[in-house]
Amino acid sequence: MKVSVIGSGYVGLVTATCFADIGHEVACVDIDEKKVELINAGVPPIYEEGLGELLQKYAGKKILATTDYDYAVRNSEISFICVGTPSDDAGNINLEIVKAAARSIGQALAKKAGYHVVVVKSTVVPETTEKLVLPILEEASGKKAGPDFGVAMNPEFLREGKAIEDFMNPDKIVVGAIDEKAGKIVSELYRPLDCEITLTNPRTAEMIKYANNSFLATKISFANEIGNICKQLDIDTYEVMQAIGKDFRISPAFLNSGAGFGGSCFPKDVKALIGKAKEIGYGPTLLEAVISVNETQPLMMTDLLRKKIGDLKDKKITVLGLAFKNDTDDIRESRAIPVIAELLRLGAEVSAYDPLAAENMKKVFPAIGYRKSAKAALEGAEACLVMTEWDEFKELDSEFEGMKEKLVIDGRRIIKARNIDYEGLCW
Ligand code: NAD
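Offset between the sequence shown (1-based) and my numbering: plus 37.
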C-alpha cells in the first residue's frame, strides 16, 4: 500500500522504515528541511538501533521524504499523524502540532480526488481524534468524514532503543476507527506482522495508550516507594521485587526501583491523563501520586550525596549517564536533568559522560564538563552519581581509581565495581 507518515521523529521514522520493510511505499513529511535531507540521504536524524541499516536500504526507493503535504497525500492512500504532543506549562497536553498537521492534511485532501484514511498515531487524550482532528480535517478539506475520507486512531507502544524490534514484533495492535471501512484499511497495512488487532472506536484506542503507560509508570513509582521504605529498614528491595514478580498477577517487569522514569512518554502521558481527568471533574489521586514520587526520586540522589559528603560547593561531582534510559540519545525528561540542576544550584562542579546523549544534553546544560569516557569524567571527582543503566557501566572498575574520593551513588543498580564506597539509592 502507499502510506504517508507525517512527522519524522522517533515514532514517525520508525513507522516509515518498518512499513517500507513490510512492503509498503512511504512518503515521510516533516517541516524540518534538514531532517528531510538527511532521510533522503539514508541518514537517520535520531539514534535508534537498526534504523540506519533500514533507512540505507529504502531511502530513495521505498521511502521518500518531503516537506510537501500535497505531494505526500496525493501519492498515498493513508496518512499517519506522528507529530509530537508535548506538555504545556501546566502539564496538560499541547495539541497545537497535531492541529497544524491535521489542517495541512485537510488542505491537501481538498485537492485530492478519491477516498483517503487519516490515522492519528501521536499519543492524544481521549476524544481528540473525534472532537478535534476530525472537525479540522472536514473544515480544511470541505469533505465529509465517513463517505469522503476515513479517520482512525492507532496508538504506538514501541520502546525507544528497541523501537524497530517492537514495531516488527508487537504484542498488540490497536485500531480505533470511526467506521468499518477505515478500520479495515488500517488493519490491512499491518497484516504482514501477523498480530491480532484490537478493533475499537478512536476514544477507546486513545485511552488504551494512556492506561497502558500510566499502569507502567505506576509500577515504577510503586517500586520506588517500596524501595525508599526498604532502604530505611536495611532490606534489599530488589530481593523483594524479584519475589513479588513471581506472582503471575504482578509480573517481574518494571519493578526496578531507582532514580525514577523519564523519556518523552511516561511523565507527559500521565500528566496529560491527569489534566483530562480534571477537565471532566475527576480528581485522579493515584496518578498524581505516581508523578509526585517520580519528581522527588532523583532529588533523593543529591540528598543522599549531601548526607555523605556535606556541602557540595566547589566539589567535583561526576554524573554517569545522561540519556533517560540506555540505548538511546533521548534526554527528554531524563532524571539526570533535575539532578544536574540541583548539583549546580548547590555550587558543585559537574563533569559528565554518556555514550550517546552528551550532544543533546549540551543544549540544556552548556556549561558543565562533558567527557569522552567514564574514566575521563571520573578523574579527580569527589563523588559519582549514576543516572542511566548503560551496559558499559556494568564493566566499570579500574576507571574509579582516578577519583579523589571513591563514593559512588548508584541510581540504577548497575555498578559492579568492588573497590569503591558504594551506595544504592533504594538498596
Ligand atoms: P518527535 O518530537 O521525535 O518527532 C516529531 C516530528 O514531527 C519532528 O521531526 C518534527 O520536526 C515534526 N513536525 C512538527 N510539526 C510538524 C508538522 N506540522 N508537520 C510535519 N511534521 C512536523 O516526537 P516522537 O517522539 O516521535 O513522538 C511523536 C508522538 O508519538 C507523540 O505523541 C508521542 O507521545 C508518541 N509516542 C512516542 C513514543 C516514543 O518513544 N518516542 C512512543 C509511543 C508514542
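Here a beta-carbon is modelled for each residue, glycine too, at the ideal position from N, C-alpha and C.
Mind checking which residues open and close the beta strand (DSSP E) that includes Lys353? 353-357
Buried or exposed: which applies to Ala150, given that a residue is buried once 16 or more other Cβ atoms fall within 10 Å of its Cβ? exposed
Could you name each continuous alpha helix (DSSP H) segment of 4 residues or more that falls completely within the segment 309-397, going from the start of the chain to the end? 322-346, 373-382
Where Glu262 and Ala395 are concerned, what is the direct C-alpha to C-alpha distance, given to the nearest angstrom? 30 Å
Rounded straight-line distance, which links the Cα of Leu50 to that of Glu202: 14 Å
Within the continuous beta strand (DSSP E) that includes Tyr459, where are the two ends? 458-461
Check whether the Cβ of Leu230 lies closer than 7 Å to any heavy atom of the ligand NAD, and answer yes or no. no
Suppose contacts are defined by Cβ-Cβ distances below 8 Å. Is Arg408 in contact with Tyr390 by that definition? yes
Where the beta strand (DSSP E) containing Ser141 begins and where it ends: Unbroken run through Ser141 is the alpha helix (DSSP H), 133-147; no beta strand (DSSP E).
Nearest-angstrom Cα separation, counted from Ser251 out to Glu133: 23 Å
Determine the closest residue to Ile328 out of Lys180, Val356, Thr255, with distance taken between C-alpha atoms. Thr255
Assign Lys283 to buried or exposed, taking buried as 16 or more other Cβ atoms, counted over all protein chains shown, within 10 Å of its Cβ. exposed
Give me the residue from Gly406, Thr339, Ile368, Ala414 with the minimum Cα distance to Arg382. Thr339
Nearest-angstrom beta carbon gap, Ala145 and Val188 [assumed within contact, 8 Å]: About 15 Å; that fails the 8 Å criterion.
Under 6 Å Cβ to Cβ from Asp162, same chain only, skipping five residues before and after it: list those, please. It is Val, not Asp, that sits at residue 162 in the sequence shown. So the qualifying residues of the chain are Ile130, Ala309, Lys313.
How many angstroms separate the CA atom of Ile100 from the CA atom of Phe361? 29 Å
What's the C-alpha gap between Arg228 and Ile245? 21 Å
Return yes when at least one heavy atom of the ligand NAD lies under 7 Å from the C-beta of Ile43, else no. yes
Please check the pair Gly220 and Val212, which I expect to be a contact at CB under 8 Å, by giving their CB distance rounded to whole angstroms. 6 Å
Apply the 10 Å Cβ neighbour rule to Gly143 and answer buried if 16 or more other Cβ atoms are within range, or exposed otherwise. buried
Run the proximity test for Ile120: is its beta-carbon closer than 7 Å to any non-hydrogen atom belonging to the ligand NAD? Looking at the sequence shown, residue 120 is not Ile but Val. Flag set: Cβ of Val120 near the ligand NAD.
To which residues does DSSP link Cys65 through a beta bridge? Val42, Ala102
Would you tell me roughly how many angstroms separate the C-alpha atoms of Asn206 and Gly179, rounded to the nearest one? 39 Å
Which class does Tyr407 belong to by DSSP, given the choice of helix, strand or coil? strand
Between the C-alpha atoms of Ala280 and Ile257, what's the straight-line distance to the nearest angstrom? 16 Å
For Tyr319, is the classification buried or exposed, using 16 other Cβ atoms within 10 angstroms of its Cβ as the cut-off for buried? exposed
Does the contact criterion of 3 or more C-beta pairs under 8 Å hold for the segment 54-66 versus the segment 87-99? yes
Look at the alpha carbon of Leu233 and the alpha carbon of Asp126, and state the distance between them as a whole number of angstroms. Looking at the sequence provided, one finds Glu at residue 233 rather than Leu. Rounded to the nearest angstrom, the two C-alpha atoms are 38 Å apart.
Counting C-beta neighbours from all protein chains within 10 Å, is the total for Ile173 16 or more, i.e. buried, or is it exposed? buried
Kindly indicate the opening and closing residues of the beta strand (DSSP E) around Ser116. 115-118
Ordered along the chain, which non-local residues of its own chain (more than five positions away) have a Cβ less than 6 Å from that of Met398? Leu359, Ile368
C-beta contact flag for Arg450 and Trp464 at 8 Å: yes
Examine the ligand NAD and report whether any of its heavy atoms sits within less than 7 Å of the Cβ of Ala254. no
Quick one: what's Asp447 bridged to in DSSP? Val423, Gly461
Does the distance from the CB of Ser159 to the CB of Thr122 come in under 8 Å? yes
Member of Val423, Tyr108, Ile377 whose CA lies at the smallest distance from the CA of Lys39: Tyr108
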